[in-house]
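S.K.: Sharing a structure here in structure tokens format.
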Amino acid sequence: MTRPGVEPSHVPSLPDVLRVVLVGGDAPAQVALAATERSAVYPRIEVVEAVEVMEDFDAANVQDAGAVVVLWLTGSLDVSAASFVSTVSRRGTRSLVVVGADGDHVRQAREVRRCGGAAYVVGPEPSPDALVQAIVAAAERAAMLRRMHELQGGLAMVLRNAEHLRWEMELSSQRLYIGPEWDALIEEHIGRPPSTLSEWLRLVHPEDVPALQRAIQSLPADGGVLGELEIRMRSADGDFRWFLVRGVVEQTPDGGRIVGSLADVTELRRRIDLLRERTRVDALTGLPRREVFFERLARAIEVLESWPEAGFVVLLIEVEGIRRFNESIGHHAGDVIL
Numbered sequence: 164m165t166r167p168g169v170e171p172s173h174v175p176s177l178p179d180v181l182r183v184v185l186v187g188g189d190a191p192a193q194v195a196l197a198a199t200e201r202s203a204v205y206p207r208i209e210v211v212e213a214v215e216v217m218e219d220f221d222a223a224n225v226q227d228a229g230a231v232v233v234l235w236l237t238g239s240l241d242v243s244a245a246s247f248v249s250t251v252s253r254r255g256t257r258s259l260v261v262v263g264a265d266g267d268h269v270r271q272a273r274e275v276r277r278c279g280g281a282a283y284v285v286g287p288e289p290s291p292d293a294l295v296q297a298i299v300a301a302a303e304r305a306a307m308l309r310r311m312h313e314l315q316g317g318l319a320m321v322l323r324n325a326e327h328l329r330w331e332m333e334l335s336s337q338r339l340y341i342g343p344e345w346d347a348l349i350e351e352h353i354g355r356p357p358s359t360l361s362e363w364l365r366l367v368h369p370e371d372v373p374a375l376q377r378a379i380q381s382l383p384a385d386g387g388v389l390g391e392l393e394i395r396m397r398s399a400d401g402d403f404r405w406f407l408v409r410g411v412v413e414q415t416p417d418g419g420r421i422v423g424s425l426a427d428v429t430e431l432r433r434r435i436d437l438l439r440e441r442t443r444v445d446a447l448t449g450l451p452r453r454e455v456f457f458e459r460l461a462r463a464i465e466v467l468e469s470w471p472e473a474g475f476v477v478l479l480i481e482v483e484g485i486r487r488f489n490e491s492i493g494h495h496a497g498d499v500i501l
């Protein structure tokens, strides 16, 4: 079940059983993970193989695993974050890191994320439930990132095959020539084409005007590349649509001109933005995910340190008996209750 207006097909879901290769972690943690059962919210974690250190990872069987989980609760990862993410990705699976809670762990978790992995911070002695929640949270993040990369790859493919509107602008007079494709591709949404740069800028979202102006003004008359720039343009109904602008400068006797293309990328931007939202908001309840909660909690603590009088309250709400509902009535009923 999802909130009204959310398209489930755009939101990757986890399987009922998440098969993982476990790196590190003590024996009790491995046993606890192996004993987990699927609940209303979390899949069952199945450890297909466990190794003590990353040095042994190359010999591990990852063929049946959906992810590699590193239980990195003490000490440091024995390889760099970039090397770890690269090693795991090379073997065709996802990398998930569950780390401890001291400052060095948090810093290294950020590094793993920067390199394309998924990391989640837990306490120094987490309970089995906390470990499962952390692994699932990291897995969800990895799935969202992978889906976003797929959409961005789809965007590149669409742009290669899309119909592009041709436009030209004389640098000296700033007069625009808009190709005849405008009538078929854009006029329905935007209206008549602009004839000057100033008219074009009036259609552009105010936040995007400075970037477009800088890109054009920085181009030398004797040659240069506008590159790729995403801007929003106001449509006839008052909303804004996303367009990808490209251009190069051609030398002419009267001071040069920009020759470029314009493509409507509104639909793909909408899908990517929706997926970004799903990485931060739970589809079932519409509430912020744990990561957002901890970000806001950290900000509240920072405010409290500089302004002790501010104060804040953390409210914990637990739904009891949800497993009984799932087992007796079904998971759909449990989802409705949640």
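Just so we're aligned: 237 in our numbering is position 74 of the sequence shown, and the numbers increase by one with no gaps anywhere. Every residue, glycine too, gets a C-beta built ideally from N, C-alpha and C. Note that the structure is predicted; figures quoted are calculated from it, not measured.
Quick check on serine 381: does DSSP put it in helix, strand or coil?
M.R.: Numbered from 1 along the sequence shown, position 218 holds the residue referred to as residue 381. Correct three-state label for serine 381: coil.
S.K.: Quick check on the DSSP output: the beta strand (DSSP E) that includes isoleucine 123 runs from which residue to which?
M.R.: Look at the range of the chain in this structure, 164 to 501, and you will see that residue 123 is not part of it.
S.K.: Apart from the five residues just before and just after serine 491, which ones in its own chain have a Cβ nearer than 7 Å to its Cβ?
M.R.: Taking the first residue of the sequence shown as 1, we reach residue 491 at position 328. Result list for serine 491: empty, nothing under 7 Å.
S.K.: Taking the alpha helix (DSSP H) that isoleucine 435 belongs to, which residues open and close that run?
M.R.: Within the sequence shown, numbered from 1, the residue matching residue 435 stands at position 272. Here the alpha helix (DSSP H) through isoleucine 435 covers 429-441.
S.K.: For arginine 525 and arginine 276, I'd like the C-alpha separation in whole angstroms.
M.R.: Because the chain is modelled from 164 through 501, residue 525 falls outside the range shown and cannot be assessed.
S.K.: So, with DSSP's three-state summary, where would you put tryptophan 470?
M.R.: Taking the sequence shown and counting its residues from 1, one reaches residue 470 at position 307. The answer is coil: DSSP assigns tryptophan 470 none of H, G, I, E or B.
S.K.: Would you identify the three-state DSSP class for glutamate 483, choosing helix, strand or coil?
M.R.: For the purposes of this step, residue 483 is taken as the residue at position 320 of the sequence shown. Reduced to three states, the DSSP call for glutamate 483 is coil.
S.K.: So which of Ile298, Ala297, Ser246 has the shortest CA-CA distance to cysteine 278?
M.R.: Residue numbering aside, residue 278 sits at position 115 when the sequence shown is read from its first letter. For cysteine 278, the nearest C-alpha among the options comes from Ser246.
S.K.: With DSSP collapsed to three states, give me the class of arginine 273.
M.R.: The sequence position of residue 273 within the sequence shown is 110, counting from 1. Of the three classes helix, strand and coil, the one that applies to arginine 273 here is helix, per DSSP.
S.K.: For the alpha helix (DSSP H) containing glutamate 362, name the first residue and the last one.
M.R.: The residue labelled residue 362 in the question sits at position 199 within the sequence shown. Glutamate 362 -> alpha helix (DSSP H) spans 360-366.
S.K.: Just mark tryptophan 363 as buried or exposed, buried being the case when its beta carbon has 16 or more other beta carbons within 10 Å.
M.R.: For the purposes of this step, residue 363 is identified with residue 200 of the sequence shown, where counting begins at 1. Tryptophan 363 is buried by the Cβ-count criterion.
S.K.: Is the beta carbon of alanine 374 closer than 9 Å to that of leucine 360?
M.R.: Taking the first residue of the sequence shown as position 1, residue 360 is located at position 197. Taking the first residue of the sequence shown as position 1, residue 374 is located at position 211. No. Outside cutoff.
S.K.: So, with DSSP's three-state summary, where would you put phenylalanine 457?
M.R.: Working through the sequence shown from its first residue, we reach residue 457 at position 294. It is helical.
S.K.: Quick check: what's the CA-CA separation for isoleucine 421 versus arginine 404?
M.R.: Numbered from its first residue, the sequence shown carries residue 421 at position 258. Numbered from its first residue, the sequence shown carries residue 404 at position 241. If you take the alpha carbons of isoleucine 421 and arginine 404, they lie about 23 Å apart.
S.K.: Which residue's Cα is closest to the Cα of arginine 207: Glu430, Trp470, Val183, Glu215?
M.R.: Against the sequence shown, residue 207 aligns to sequence position 44. For the residues Glu430, Trp470, Val183, Glu215, the minimum Cα distance to arginine 207 belongs to Val183.
S.K.: By DSSP, does serine 398 sit in helix, in strand, or in coil?
M.R.: Translated into the one-based positions of the sequence shown, residue 398 becomes position 235. Note: serine 398 maps to coil in three-state DSSP.
S.K.: Consult DSSP for valine 388 and reduce its assignment to one of helix, strand or coil.
M.R.: Locating residue 388 in the sequence shown gives position 225, where the first residue counts as 1. Residue state, collapsed to three classes: strand.
S.K.: Hey, is the stretch 405-424 in contact with the stretch 328-340, meaning 3+ C-beta pairs nearer than 8 Å?
M.R.: Counting Cβ pairs under 8 Å, three or more are found: they touch.
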